[in-house]
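Encoded structure:
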């Protein structure tokens, strides 16, 4: 112990006034040691080499006490001032899978299945029924249009056939309207174109009817004055000139040349 005290007295005063952590030793620069390195260093420093006990003497044993104490002090210094790195330990635990994804997946599947059932049970049949209804209505409209078109074509075909038949049959001349027969009962003061005369009034009437069938209007003039003949006129006029011109135009036709003018 005397040697240790002497060593402390030899140290500078500034080292004596330092904190207790320095143990009165001079300041040194050190680096943190790893745990394994520190243990190996301490083991190497502390563990003395085995020597033959018979070779040591009491004096040598006394001389060896000082290095052991210095190494012990150094060991204490290293142990107190070293930086320990925290040791981490890892353990694995099997985490239980969350139940919410399964619940949400099940709800989604149920929703999809429900929507599919609703579509195929409710919506799809209505769509098919509506499509069938529209198809029937379309077919009905097409059938009506087809019938109308067929009727139109039939009417056109019938009209065409009638037209062809009408063209094939020759046109018959229309019969002229029957002429009227007028018998005068008194003088009129007008001029008449006479085409026939006879004592027998029936003969004049028969001729008048023949002309009437051809559409000729005639006038029967009874006998007057000294003449006893019945006359048949086919035209009349207010003046002699106009009536004579009409008579001249009739000569050489259906009545021959025996056409004259009489004032009655």
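Numbering (our numbering), first residue to last: 1323 to 1586.
Note that beta-carbon positions come from the ideal geometry of N, C-alpha and C, so glycine has one too.
Inset, instruction - State the DSSP-derived secondary structure class of residue 1549, mapped to helix, strand or coil. - result: Reduced to three states, the DSSP call for residue 1549 is coil.
Inset, instruction - Please report the residue range of the alpha helix (DSSP H) in which residue 1434 lies. - result: Residues 1422 to 1440.
Inset, instruction - Give me the Cα-Cα distance between residue 1547 and residue 1521, rounded to the nearest whole angstrom. - result: For the pair residue 1547 and residue 1521, the Cα-to-Cα distance works out to about 14 Å.
Legend entry - Neighbourhood of residue 1379 by C-beta distance below 6 Å, restricted to the same chain and skipping five residues each side: Residue confidence is low: residue 1379 scores 49 on pLDDT, short of 50, so the model does not pin down where it sits. No coordinate-derived value is stated.
Inset, instruction - For residue 1565, decide whether its Cβ has a neighbour in chain B, counting only Cβ atoms nearer than 8 Å. - result: Although the question refers to chain B, the structure presented lacks it and comprises just one protein chain.
Legend entry - Status (buried if at least 16 other CB within 10 Å, exposed otherwise) for residue 1540: It is buried - the Cβ of residue 1540 has at least 16 other Cβ atoms within 10 Å.
Inset, instruction - Check whether the Cβ atoms of residue 1542 and residue 1554 lie closer than 8 Å to each other. - result: Yes; because the gap between Cβ atoms is below 8 Å, this pair is in contact.
Inset, instruction - Go ahead and pull the three-state DSSP assignment for residue 1526. - result: Residue state, collapsed to three classes: helix.
Legend entry - Through-space distance from residue 1457 to residue 1425, alpha-carbon basis: If you take the alpha carbons of residue 1425 and residue 1457, they lie about 46 Å apart.
Inset, instruction - Quick one: grab the DSSP three-state call for residue 1535. - result: DSSP places residue 1535 in helix when its eight states are reduced to three.
Inset, instruction - Compute the beta-carbon to beta-carbon distance between residue 1506 and residue 1544, rounded to the nearest angstrom, for a pair I have assumed lies under 8 Å. - result: The pair is a contact, with the Cβ atoms about 7 Å apart (cut-off 8 Å).
Inset, instruction - Take the Cβ of residue 1513 as the centre, count every other Cβ of all protein chains shown within 10 Å, and call the residue buried at 16 or more, exposed below. - result: By the 10 Å Cβ count, residue 1513 comes out buried.
Legend entry - Residues of its chain near residue 1573, where Cβ-Cβ distance is below 8 Å and the 5 sequence neighbours each way are ignored: In chain order, 1579, 1581 place their CB closer than 8 Å to the CB of residue 1573, counting only its own chain and leaving out the 5 sequence neighbours on each side.
Legend entry - CB of residue 1538 within 8 Å of CB of residue 1556, strictly: The answer is yes: Cβ separation under 8 Å.
Inset, instruction - Taking the CB atoms as reference points, tell me whether residue 1533 and residue 1501 lie closer together than 8 Å. - result: If you check the CB distance, residue 1533 and residue 1501 come in under 8 Å.
Inset, instruction - Please state whether DSSP places residue 1578 in a helix, a strand or coil. - result: In this structure, DSSP gives residue 1578 an extended state, which the three-state scheme calls strand.
Legend entry - Helix, strand or coil at residue 1450 [DSSP, three-state]: When secondary structure is reduced to three states using DSSP, residue 1450 falls in the helix class.
Inset, instruction - Grab me the residues of residue 1422's own chain with a C-beta within less than 8 Å of its C-beta, minus the 5 sequence neighbours each way, in chain order. - result: The same chain holds no residue with a CB closer than 8 Å to that of residue 1422 once the five nearest residues on each side in sequence are set aside.
Legend entry - Straight-line gap, residue 1510 to residue 1562 (C-alpha atoms, nearest Å): In a straight line, the C-alpha of residue 1510 is about 14 Å away from that of residue 1562.
Legend entry - Span of the alpha helix (DSSP H) around residue 1562: That run of the alpha helix (DSSP H) goes 1562 to 1572.
Inset, instruction - Check whether the Cβ atoms of residue 1523 and residue 1552 lie closer than 8 Å to each other. - result: Their beta carbons are under 8 Å apart, which means residue 1523 touches residue 1552 by this criterion.
Inset, instruction - Express the C-alpha separation of residue 1461 and residue 1443 in angstroms, rounding to a whole number. - result: In this structure, the CA atom of residue 1443 is about 27 Å from the CA atom of residue 1461.
Legend entry - residue 1530 classed as buried or exposed, judged by whether at least 16 other C-beta atoms fall within 10 angstroms: Taking every protein chain shown into account, the CB of residue 1530 has 16 or more other CB atoms within 10 angstroms, so this residue is buried.
Legend entry - Beta-ladder partner(s) of residue 1504, from DSSP: For residue 1504, which the question treats as bridged, DSSP gives the partners 1541.
Inset, instruction - Measure how close the beta-carbons of residue 1549 and residue 1558 come, nearest whole angstrom, since I'm counting them as under 8 Å. - result: Not confirmed; about 19 Å, so no contact.
Inset, instruction - Check whether the Cβ atoms of residue 1568 and residue 1515 sit closer than 8 Å, and answer yes or no. - result: In contact: residue 1568 and residue 1515 (Cβ atoms closer than 8 Å).
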